[in-house]
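Participant: Following numbering that gives the first Met the number 0, the numbering of the sequence shown begins with 0 at its first residue and continues without gaps.
The structure's right below; bear with me while I get my questions together.
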Amino acid sequence: MKAMILEKVMPVEKGPLRMIDVPHPIPGPKEILVRVSVCGICHTELDTIEGRIEPKLPIILGHEIVGRVESLGPGAARFQVGNRIGIGWIHSACGKCRFCREGRENLCPEFEGTGCHANGGYAEYTLVSEDFAFPIPERFSDPEAAPLLCAGAIGYRDLKLSGIEKGQNLGLFGFGASAHIAIQVARYWGCSVFVFTRSETHRDLARSLGASWTGGPEEEPPGKLHAAIDFTPVGETVPKALSVLEKGGRLVMAVIRKRNPVPPLDYARHLWDEKEIKSVANITREDLREFLPLAAEIPIVPEIEEFELNEANKALLLLKEGKIQGAGVLRMPE
Ligand SMILES: [Zn+2]
Ligand SMILES: [Zn+2]
């Protein structure tokens with residue numbers, strides 16, 4: 000099968016992925032062999048390629064996978080050949096530790112990320128344990144479903160952790176794949192959404208999706224934020240977001256790694272009045288089980304930009320430069 004493989008860590012500008020031919024993977028006990036249709040691209044891939052998180056090398060990236068069951072390993076019975084399924088960032092967790100038992104498998108010390116610790120979806124076929132595969136609601140096409148599996152589900156987890164309630168003001172910093180889905184959920188929940196981004200095209204998209212205000216990161220919003228989600232890869236956003244938070248408000252940091260340090264915080268201005276900061280790590284299966292049907296009910300309409308698998312390097316560079324409108328998706332060869 001064809002796959003785009005990462006062999007060593009390097010800047011995205013250098014074209015880090017190489018197309019290779021590898022044997023089809025063979026499903027083990029309770030595993031599924033999936034014929035991949037599309038795979039979304041995500042900021043986590045940039046962090047993996049550039050070494051901010053440590054992948055197991057060589058690796059096939061990609062964790063927003065939509066495909067069809069091609070064959071079943073011994074004992075696998077949850078799905079049938081031909082079923083459409085999705086695979087997200089959570090590839091496995093131990094199921095036994097304190098975190099797993101408390102429903103916080105995203106924090107499991109043995110957590111494995113798809114396309115980081117196990118091969119992912121930048122390939123014609125991939126493997127997944129049947130317990131970590133998800134049915135895709137019929138309403139969505141394959142490319143529409145891809146970004147729901149990480150950008151969407153993580154955005155949903157961010158919203159849950161932010162504690163935002165109906166009628167409150169929510170701030171979104173950065174407006175890429177995850178934010179453009181989160182805003183649709185927040186609007187469905189009856190929140191007013193203020194979007195902070197430098198990009199004019201991203202502001203236009205935000206307004207078309209129901210933002211009540213858009214502006215640059217230095218601008219003052221028309222009201223204090225009850226909660227904010229920071230999707231940006233830069234550190235400067237943190238003090239900015241905290242300074243426009245309402246008393247008792249919470250800032251949720253959605254990225255795995257910041258590219259540059261968070262500047263020093265001023266206690267009185269940024270943290271006092273019971274303001275909170277919380278990061279989001281990984282995702283649980285419950286997030287995906289809740290979010291996929293909710294996305295179909297709203298319904299979420301992801302904005303998609305499609306690329307061929309062999310254009311992965313180009314697509315990732317556009318993602319790094321913030322030039323993808325909505326979510327980028329790679330299509331596998333027919
Ligand atoms: Zn992701
Ligand atoms: Zn565990």
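Ideal Cβ positions, reconstructed from N, Cα and C, are used throughout, including at glycine.
This structure is a prediction, so every number in the text was calculated from the model and none was measured.
Could you pull out every unbroken beta strand (DSSP E) segment of at least 3 residues lying fully inside the segment 79 to 109, listed in chain order?
Facilitator: Counting whole runs of 3 or more residues, the segment 79 to 109 contains the beta strand (DSSP E) stretches 83 to 86 and 89 to 91.
Participant: Decide if L60 is buried, meaning its Cβ has at least 16 other Cβ atoms within 10 Å, or exposed.
Facilitator: Mapped onto the sequence shown, residue 60 falls at position 61. Label assigned to L60: buried.
Participant: Per DSSP, what kind of secondary structure is G112 in: helix, strand or coil?
Facilitator: Indexing the sequence shown from 1 puts residue 112 at position 113. In this structure, G112 counts as strand in the three-state DSSP scheme.
Participant: Near G66, what residues of its chain come up, given a Cβ to Cβ distance below 6 Å and the 5 sequence neighbours on each side ignored?
Facilitator: As a position in the sequence shown, residue 66 is number 67, starting the count at 1. Taken in chain order, the residues that qualify are V33, R34, V35 and S36.
Participant: Taking the beta strand (DSSP E) that R330 falls in, what are its first and last residues?
Facilitator: On the sequence shown, residue 330 is found 331 positions in, with the first residue counted as 1. Segment A326 to R330, the beta strand (DSSP E) holding R330.
Participant: For G112, is the beta carbon positioned less than 7 Å from some heavy atom of ligand 2?
Facilitator: If you number the sequence shown from 1, residue 112 lands on position 113. Outside the cutoff, so no.
Participant: Quick one: residues in its chain with C-beta nearer than 6 Å to the C-beta of G247, no 5 flanking neighbours on either side, listed in chain order?
Facilitator: Looking up residue 247 in the sequence shown gives position 248. Taken in chain order, the residues that qualify are E273.
Participant: Got a sec: does ligand 2 put a non-hydrogen atom nearer than 7 Å to the Cβ of G102?
Facilitator: Indexing the sequence shown from 1 puts residue 102 at position 103. The answer is no for G102.
Participant: Please go through the same chain and pick out, in chain order, the residues whose beta-carbon is closer than 8 Å to the beta-carbon of S91, but skip the five residues on each side of it.
Facilitator: Working through the sequence shown from its first residue, we reach residue 91 at position 92. If we look at S91 and ignore the five residues flanking it on each side, its Cβ neighbours are E109, F110, E111, A117, S128 and F131.
Participant: If you follow the alpha helix (DSSP H) that R317 is in, where does it begin and where does it stop?
Facilitator: Counting from 1 along the sequence shown, the entry for residue 317 is found at position 318. The identity of residue 317 in the sequence shown is Leu, whereas the question assumes Arg. Counting along the chain, the alpha helix (DSSP H) containing L317 begins and ends at A311 to K319.
Participant: Between which two residues does the beta strand (DSSP E) containing T196 stretch?
Facilitator: Position 197 of the sequence shown holds residue 196. T196 -> no beta strand (DSSP E), and no H or E assigned at all.
Participant: I think I297 touches V184, with their Cβ atoms under 8 Å apart; what is that distance to the nearest whole Å?
Facilitator: Start at 1 with the first residue of the sequence shown, and residue 297 comes out as number 298. Start at 1 with the first residue of the sequence shown, and residue 184 comes out as number 185. The Cβ separation is near 7 Å, so the contact holds.
Participant: Which residues share a DSSP beta bridge with P212?
Facilitator: Residue numbering aside, residue 212 sits at position 213 when the sequence shown is read from its first letter. Note that residue 212 corresponds to Trp in the displayed sequence, not to Pro. Paired residues: F193.
Participant: For K223, collect the residues of the same chain with a Cβ closer than 6 Å to its Cβ; drop the 5 residues on either side in sequence, then sort them by chain order.
Facilitator: By 1-based counting over the sequence shown, the position of residue 223 is 224. So the qualifying residues of the chain are E245.
Participant: Starting from Y124, follow the beta strand (DSSP E) in both directions and report where the run begins and ends.
Facilitator: Position 125 of the sequence shown holds residue 124. Run containing Y124: Y124 to S128, per the beta strand (DSSP E) assignment.
Participant: Tell me the residue span of the alpha helix (DSSP H) that contains R288.
Facilitator: The count along the sequence shown starts at 1 and reaches residue 288 at position 289. Looking at the DSSP string, the run of the alpha helix (DSSP H) that includes R288 is R284 to E296.
Participant: If you count every other CB in all the chains shown that lies within 10 Å of the CB of E307, and 16 or more means buried, which is it?
Facilitator: For the purposes of this step, residue 307 is identified with residue 308 of the sequence shown, where counting begins at 1. Under this definition E307 is an exposed residue.
Participant: Would you call the segment 74 to 90 and the segment 49 to 60 in contact, with 3 or more CB pairs under 8 Å?
Facilitator: Because the criterion of three Cβ pairs below 8 Å is not met, the segment 74 to 90 and the segment 49 to 60 do not touch.
Participant: In the DSSP assignment, what are the bridge partners of A226?
Facilitator: The count along the sequence shown starts at 1 and reaches residue 226 at position 227. Paired residue(s): L169 and R249.
Participant: Do the CB positions of F139 and I84 come within less than 8 Å of each other?
Facilitator: Along the sequence shown, read from residue 1 onward, the residue named residue 139 stands at position 140. Along the sequence shown, read from residue 1 onward, the residue named residue 84 stands at position 85. The answer is no: Cβ separation not under 8 Å.
Participant: Per DSSP, what kind of secondary structure is E63 in: helix, strand or coil?
Facilitator: Against the sequence shown, residue 63 aligns to sequence position 64. Coil.
Participant: What number of angstroms, rounded off, separates the C-alpha of A227 from the C-alpha of L71?
Facilitator: Mapped onto the sequence shown, residue 227 falls at position 228. Mapped onto the sequence shown, residue 71 falls at position 72. Taking the straight line joining both Cα atoms gives about 43 Å.
Participant: Reducing DSSP to helix, strand and coil, say where P24 ends up.
Facilitator: Position 25 of the sequence shown holds residue 24. In the displayed model, P24 falls within coil according to three-state DSSP, outside both helix and strand.
Participant: Whose beta carbon lies closer than 5 Å to any heavy atom of ligand 2, going through the chain in order?
Facilitator: A92, C93, C96, C99 and C107
Participant: Three-state secondary structure (DSSP) at A336?
Facilitator: Because the chain is modelled from 0 through 333, residue 336 falls outside the range shown and cannot be assessed.
Participant: In the structure shown, what three-state DSSP assignment does E44 receive?
Facilitator: Taking the first residue of the sequence shown as position 1, residue 44 is located at position 45. Helix, per DSSP.
Participant: What do you get for A253, buried or exposed, if any count of 16 or more other CB atoms within 10 angstroms of its CB means buried?
Facilitator: Within the sequence shown, residue 253 is the residue found at index 254, counting from 1. By the neighbour-count rule (16 or more Cβ atoms within 10 Å), A253 is buried.
Participant: Figure out for me which residue from F98, A294 and L315 has the closest Cα to the Cα of N281.
Facilitator: Reading the sequence shown from its first residue, position 282 is the one you call residue 281. Minimum Cα distance to N281 is reached at F98.
Participant: Measuring from the CB of H62, is there a heavy atom of ligand 3 at a distance below 7 Å?
Facilitator: Ligand 3 is absent from the structure shown, which contains only ligand 1 and ligand 2.
Participant: Which residues share a DSSP beta bridge with R17?
Facilitator: In the sequence shown, residue 17 corresponds to position 18, counting from 1. DSSP, once it has assigned bridges, lists I4 as partnering R17.
Participant: Leaving out the 5 sequence neighbours to the left and right, which residues in its chain are closer than 6 Å to Q167 when beta-carbon positions are compared?
Facilitator: Residue numbering aside, residue 167 sits at position 168 when the sequence shown is read from its first letter. So the list reads C190 and H225, once near-sequence residues are dropped.
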